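A short worksheet on the structure shown next.
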Amino acid sequence: MKILRIEGGRPLHGDIEIPGSKNAALAILSAVMLGDGQGILHNVPEVSDIHYKLKLLSQFGAKVHWHEGTLVIDCGNISSVDADEDVVHPIRTSFYLLGTLLARAGKASLPAPGGCKIGARPVDFHIKGLRAMGAEIELDGGRYVATVKNGLHGAKIHLDFPSAGATQHLMATATLASGVTEITNAAIEPEVTTLADFLIRMGARIEGAGTSNVTIIGVEKLQACEFRVPEDRLQAGTFLLGGAITRGDVTVRGIMPEHQNALISKLQEAGADATEGPDWIRVASNRRLKGIKIKTMPYPGFPTDIQQPMAAVLGLSNGVSVVEETIYESRIGHVSELNRMGAQMQLEGRFTIIEGVKSYQGAQVEASDLRAGAALVLAGLAAEGETVVRNVHFIERGYERFEEILTTLGACIRAEGTPESERAHGGRLGVT
Ligand code: EPU
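At position 101 of the sequence shown the residue is numbered 98 (this note's numbering), and the sequence of numbers has no breaks.
The structure is reproduced here in structure tokens:
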């Protein structure tokens, strides 16, 4: 079991390049199933969620070779449509393979999905959308068993909420359905647009991705392609917050600054200096920030994934902050642990009321999920004395070379124990 040992109190300074986006890569790794031939993906982040996803694709018969961020993958020969519970369960996007397997092989059987425990996370929009396209789906002993008799067909699908995952899953599946599919109230997250770009590169016909109305005109076949996964906006946001919480000066490069508008505007409101160029953002601060209000919303609102790291930053601000989490009812695992470090945070339903304190004290804390883990690391970087973060496998789900990048920025952080990626793939992934 890996732990992180952090000696706090060192301001982060410097410029960093951000690794590829976990969430974009995970969605693409469901859609790869739709294409014939050998595809090449660049900038695939080395995080444990990707290791699990590739293990799953290998179980279905995909041939995978991953080296230094470049993934060569061939899904031309799908030999199974059934997957092991222990490979599917750790990551939520395994479930997005239900539709793409159906489109490709006419049947699929997958255990109900897992992922970070941050709320109920139902899959009803996914099921309803696939059924509208002609799928028959039963939940049998904890597994979704899906079949389709005469092929999938286009449908009108309205999402009750702009779910990123349901938009991605249904959009990808619809590319091989006959006729036209219209998804209304679709998510407009950058990862949805990236997936559409990937599918179009494979030969799909998609209009309106990145808006609330997406139209997919089904095609007969898709061909594997070469594609570069864009940089991870959530990792970028976390490092920028590292600059703010340690009263340092951090620049992240190779990113799309417009994806960070909500975060930057809130950091500026709190009193941090934030500037941007065509593909970079710099956040600097040399004083205590002010307390502010945050409300998470679907993109382009304030991202739920940045809410927990932001709470760690606001815990050290001057005054009271209020953080409202509207997407996930239990994305709160950071609160009790930050309080162990001296924070003054109280939960009231979906609100976290934060009374800013002058300093955190190092402590032994446990990550309860990916972004809670990032929040604890940020707090540890700013705290007096040593912080030990346990359950680091959560952090490894979505942060590539986390401690290495933080070290280049001047942090004193050391990992001890075995990384999750080695458990996820039974040894580091090379050739399978
Ligand atoms: N929802 C339903 N029914 C559904 C699907 C979603 O009620 O069938 C609800 C969810 O319970 C939630 C809301 O809709 O309340 C939004 O969920 P969404 O489907 O958008 O989330 P997701 O696709 O499961 C992705 C990211 C999350 C990120 C959210 C929101 C991946 C692998 N995960 O999840 O990322 O928080 O979108 O942007 O892409 C993370 O990286 O830490 C993470 C959790």
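Cβ coordinates follow ideal geometry from the N, Cα and C atoms, glycine included.
Owing to the predicted nature of the structure, the values given are computational and were not obtained by experimental measurement.
Note to self: Does the distance between the C-beta of Lys162 and the nearest non-hydrogen atom of the ligand EPU fall short of 7 angstroms?
What the structure shows: Along the sequence shown, one-based indexing puts residue 162 at 165. Per the sequence presented here, residue 162 reads as Gly, with Lys not at that position. Within the cutoff, so yes.
Notebook entry, point to check: Sorry if obvious, but does the Cβ on Ile324 come closer than 7 angstroms to a heavy atom of the ligand EPU?
Noted result: Counting from 1 along the sequence shown, the entry for residue 324 is found at position 327. Yes, since a heavy atom of the ligand EPU falls inside the 7 angstroms radius drawn around the Cβ of Ile324.
Notebook entry, point to check: Around the Cβ of Phe122, are there at least 16 other Cβ atoms within 10 angstroms (buried) or fewer (exposed)?
Noted result: Position 125 of the sequence shown, counted from the start, is the residue given in the question as residue 122. Buried, by the Cβ-count rule.
Check: By Cβ distance below 6 angstroms, which residues in the same chain neighbour Gly424 in space, the five residues on each side in sequence not counted?
Finding: Numbered from 1 along the sequence shown, position 427 holds the residue referred to as residue 424. The predicted model places Gly424 with a pLDDT of 43, which falls under 50 and marks its position as unreliable, so this point remains unresolved.
Notebook entry, point to check: Sorted by chain position, which residues of the same chain lie with C-beta nearer than 6 angstroms to Ile261's C-beta, five sequence neighbours on each side aside?
Noted result: On the sequence shown, residue 261 is found 264 positions in, with the first residue counted as 1. Within the same chain, Ile261 has close Cβ partners Ala271.
Next item on the list: Please go through the same chain and pick out, in chain order, the residues whose beta-carbon is closer than 6 angstroms to the beta-carbon of Asn20, but skip the five residues on each side of it.
Entry: Locating residue 20 in the sequence shown gives position 23, counting from the first residue. Closer than 6 angstroms at the Cβ level, and outside the excluded window around Asn20, lie Glu188.
Check: Less than 7 angstroms between the CB of Leu238 and some heavy atom of the ligand EPU, yes or no?
Finding: As a working mapping, residue 238 is identified with position 241 in the sequence shown. No - the ligand EPU has no heavy atom lying nearer than 7 angstroms to the Cβ of Leu238.
Check: If you compare alpha carbons, which of Glu326, Glu345, Gly353, Ala129 is closest to Met338?
Finding: Here residue 338 corresponds to residue number 341 of the sequence shown, with the count starting at 1. Here the closest residue by C-alpha is Gly353.
Item checked: Nearest candidate by alpha-carbon position, reference Pro42, set Lys114, Glu326, Tyr396, Ile402 -> Here residue 42 corresponds to residue number 45 of the sequence shown, with the count starting at 1. Checked all of Lys114, Glu326, Tyr396, Ile402; the closest Cα to Pro42 is Tyr396.
Next item on the list: Compute the Euclidean distance between the alpha carbons of His39 and Leu264, then round it to the nearest angstrom.
Entry: The sequence position of residue 39 within the sequence shown is 42, counting from 1. The sequence position of residue 264 within the sequence shown is 267, counting from 1. Distance between the alpha carbons of His39 and Leu264: 32 angstroms.
Margin query: Helix, strand or coil, according to DSSP, for Met30 in the structure here?
Written below: Within the sequence shown, numbered from 1, the residue matching residue 30 stands at position 33. Three-state result, Met30: helix.
Check: Regarding Arg368 and the ligand EPU, is the C-beta to nearest heavy atom distance less than 7 angstroms?
Finding: Position 371 of the sequence shown holds residue 368. Yes; taking the cut-off as 7 angstroms, the Cβ of Arg368 has a heavy atom of the ligand EPU nearer than that.
Notebook entry, point to check: Heavy atom of the ligand EPU less than 7 angstroms from the Cβ of Phe299, yes or no?
Noted result: The residue given as residue 299 occupies position 302 in the sequence shown. No, the beta carbon of Phe299 sits no closer than 7 angstroms to any heavy atom of the ligand EPU.
Notebook entry, point to check: Which residues mark the beginning and the end of the beta strand (DSSP E) in which Gly36 is found?
Noted result: As a working mapping, residue 36 is identified with position 39 in the sequence shown. Where Gly36 is concerned, the enclosing beta strand (DSSP E) stretches over 35 to 39.
Next item on the list: Throw me the rounded Cβ distance for the Ile215 and Ala184 pair, which I believe falls under 8 angstroms.
Entry: In the sequence shown, the residue the question calls residue 215 occupies position 218. In the sequence shown, the residue the question calls residue 184 occupies position 187. In the sequence as presented, Ile is not what sits at residue 215; that position holds Gly. With a Cβ gap of about 21 angstroms, Gly215 and Ala184 do not count as contacting.
Next item on the list: Since I believe Gly330 is in contact with Ser365 (beta carbons under 8 angstroms), could you give me their beta-carbon distance rounded to a whole number of angstroms?
Entry: As a first step, residue 365 must be located in the sequence shown, where it is residue number 368. As a first step, residue 330 must be located in the sequence shown, where it is residue number 333. Ser365 to Gly330, Cβ: 3 angstroms. Contact.
Item checked: Secondary structure of Val428, DSSP reduced to three states -> Start at 1 with the first residue of the sequence shown, and residue 428 comes out as number 431. Its pLDDT being 26, under 50, Val428 is placed unreliably by the model, and nothing is read from it.
Next item on the list: Flag this pair as touching only if the segment 213 to 228 and the segment 378 to 385 have three or more C-beta atom pairs under 8 angstroms; answer yes or no.
Entry: no
Check: Looking only at DSSP bridge pairs, what is Met(-2) linked to?
Finding: Locating residue -2 in the sequence shown gives position 1, where the first residue counts as 1. Answer is none; Met(-2) lacks a bridge partner.
Item checked: Where Pro8 sits in the DSSP three-state scheme -> Indexing the sequence shown from 1 puts residue 8 at position 11. It is coil, neither helix nor strand.
Check: The alpha helix (DSSP H) spanning Ala438 covers which residue range?
Finding: Only positions -2 to 429 of the chain appear in the structure, and residue 438 is not among them; the question remains open.
Item checked: DSSP-derived helix/strand/coil call for Thr97 -> Stepping through the sequence shown from its first residue, residue 97 is reached at position 100. Of the three classes helix, strand and coil, the one that applies to Thr97 here is helix, per DSSP.
Notebook entry, point to check: Any chance the CB of Val189 is under 7 angstroms from a heavy atom of the ligand EPU?
Noted result: As a working mapping, residue 189 is identified with position 192 in the sequence shown. No, the ligand EPU has no heavy atom inside 7 angstroms of this Cβ.
Notebook entry, point to check: Are the segment 52 to 62 and the segment 281 to 292 touching by the rule of at least three beta carbon pairs closer than 8 angstroms?
Noted result: no
Margin query: I want to check one thing, is the minimum distance from the CB of Phe122 to the heavy atoms of the ligand EPU below 7 angstroms?
Written below: Residue mapping note: residue 122 aligns to position 125 of the sequence shown, counting from 1. Yes, the Cβ of Phe122 comes within 7 angstroms of a heavy atom of the ligand EPU.
Next item on the list: Grab the span of the alpha helix (DSSP H) containing Ala109 for me, first residue to last.
Entry: In the sequence shown, residue 109 corresponds to position 112, counting from 1. Ala109 -> no alpha helix (DSSP H), and no H or E assigned at all.
Notebook entry, point to check: In terms of residues, what are the limits of the alpha helix (DSSP H) holding Thr191?
Noted result: Residue mapping note: residue 191 aligns to position 194 of the sequence shown, counting from 1. 187 to 198 is the span of the alpha helix (DSSP H), which, as asked, contains Thr191.
Notebook entry, point to check: Of the residues Ala100, Gly414, Leu156, which one's Cα is nearest the Cα of Arg387?
Noted result: Position 390 of the sequence shown, counting from 1, holds the residue named residue 387. Among Ala100, Gly414, Leu156, the Cα nearest to that of Arg387 belongs to Gly414.
Check: Along the chain, which unbroken stretches of the beta strand (DSSP E) at least 3 residues long are found entirely within the segment 305 to 362?
Finding: 317 to 321, 341 to 345, 348 to 352
Checklist line | Anticipated Cβ contact below 8 angstroms, Glu204 with Tyr296, distance rounded | finding: Here residue 204 corresponds to residue number 207 of the sequence shown, with the count starting at 1. Here residue 296 corresponds to residue number 299 of the sequence shown, with the count starting at 1. That pair is no contact at about 19 angstroms.
Next item on the list: Return the CA-CA distance between Glu179 and His256, expressed in angstroms with no decimal places.
Entry: Indexing the sequence shown from 1 puts residue 179 at position 182. Indexing the sequence shown from 1 puts residue 256 at position 259. Their backbone Cα atoms lie some 25 angstroms apart in a straight line.
Notebook entry, point to check: Between the Cα of Ala24 and the Cα atoms of Cys409, Thr164, Ser282, which residue gives the shortest distance?
Noted result: Numbered from 1 along the sequence shown, position 27 holds the residue referred to as residue 24. Checking every option, the nearest Cα to that of Ala24 belongs to Thr164.
Item checked: Supposed close pair Thr349, Ile324 - CB separation, criterion 8 angstroms -> In the sequence shown, the residue the question calls residue 349 occupies position 352. In the sequence shown, the residue the question calls residue 324 occupies position 327. No, Thr349 and Ile324 are not in contact; Cβ-Cβ is about 14 angstroms, not under 8 angstroms.
Checklist line | Neighbourhood of Ser314 by C-beta distance below 7 angstroms, restricted to the same chain and skipping five residues each side | finding: Along the sequence shown, one-based indexing puts residue 314 at 317. Result list for Ser314: Ala267, Arg285, Leu286, Lys287, Gly288, Gly353, in chain order.
Check: Among Leu367, Asp157, Val310, which one has its Cα closest to the Cα of Met342?
Finding: Here residue 342 refers to the residue found at position 345 of the sequence shown. Nearest C-alpha to Met342: Val310.
Notebook entry, point to check: Does DSSP put Asp229 in a helix, in a strand, or in coil?
Noted result: Residue 229 sits at position 232 when you count from the first residue of the sequence shown. Three-state DSSP puts Asp229 in coil, outside helix and strand.
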